[in-house]
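Everything below concerns the one structure shown next.
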Amino acid sequence: MRMRCPNCHQQLKVNRIIKQADCEACHKQYQYHYRKINLIAWLLLILLISSVLVKCLSYFRTVWPAYYPLILILFNLAIYFITPREWIDKFIYQLIEKE
């Protein structure tokens, strides 16, 4: 994870255990935390995964098309409940991280 100092724009030295970042140039310390995922961002991610899955399933005619929504809902619920919350937070944080 790359973080930059808001004052001097130097790269911060990050300690992930105590969630603290130090700037060696201006000698300041910053506390940071992963952003919480809002519901809209999570739903957009699920929609993206679902659209890719529908495109893949449309190539195989063995599955009746009426079952596509059920398959997608079950697939996305499985992803949501199996994936640890920390992984989801880190993934979304990396997507929206400022340079």
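In this text, residue positions in the sequence shown follow my numbering: the first is 788, and each later residue adds one. Glycine included, C-beta positions come from ideal geometry on N, C-alpha and C.
Inset, instruction - Name the two residues that bound the continuous alpha helix (DSSP H) containing Tyr817. - result: Tyr817 -> not in any alpha helix (DSSP H); beta strand (DSSP E) instead, spanning Lys815 to Gln818.
Legend entry - Ala865: first and last residue of the uninterrupted alpha helix (DSSP H) it sits in: In the DSSP annotation of this structure, the continuous segment of the alpha helix (DSSP H) that includes Ala865 starts and ends at Tyr855 to Ile869.
Inset, instruction - Could you tell me how far apart the beta carbons of Ala808 and Lys800 are, in whole angstroms, since I believe they sit closer than 8 Å? - result: That pair is a contact at about 7 Å.
Legend entry - Span separating the alpha-carbon of Ile869 from that of Ile875: Cα-Cα distance, rounded: 11 Å.
Legend entry - Extent of the continuous beta strand (DSSP E) run through Gln797: Premise fails: Gln797 is in no beta strand (DSSP E) and is neither H nor E.
Inset, instruction - Between the Cα of Ile879 and those of Leu830, Leu864 and Gln797, spot the shortest distance and give me the residue it belongs to. - result: Residue Leu830 holds the alpha-carbon nearest to the alpha-carbon of Ile879 among Leu830, Leu864 and Gln797.
Inset, instruction - Would you give the residue range spanned by the beta strand (DSSP E) that Cys810 belongs to? - result: Its beta strand (DSSP E) spans residues Gln807 to Cys810.
Legend entry - Residue from Gln881, Tyr817 and Ser837 with nearest C-alpha to Ala865: Per the Cα distances, Ser837.
Legend entry - C-beta contact flag for Asn802 and Lys815 at 8 Å: No. Outside cutoff.
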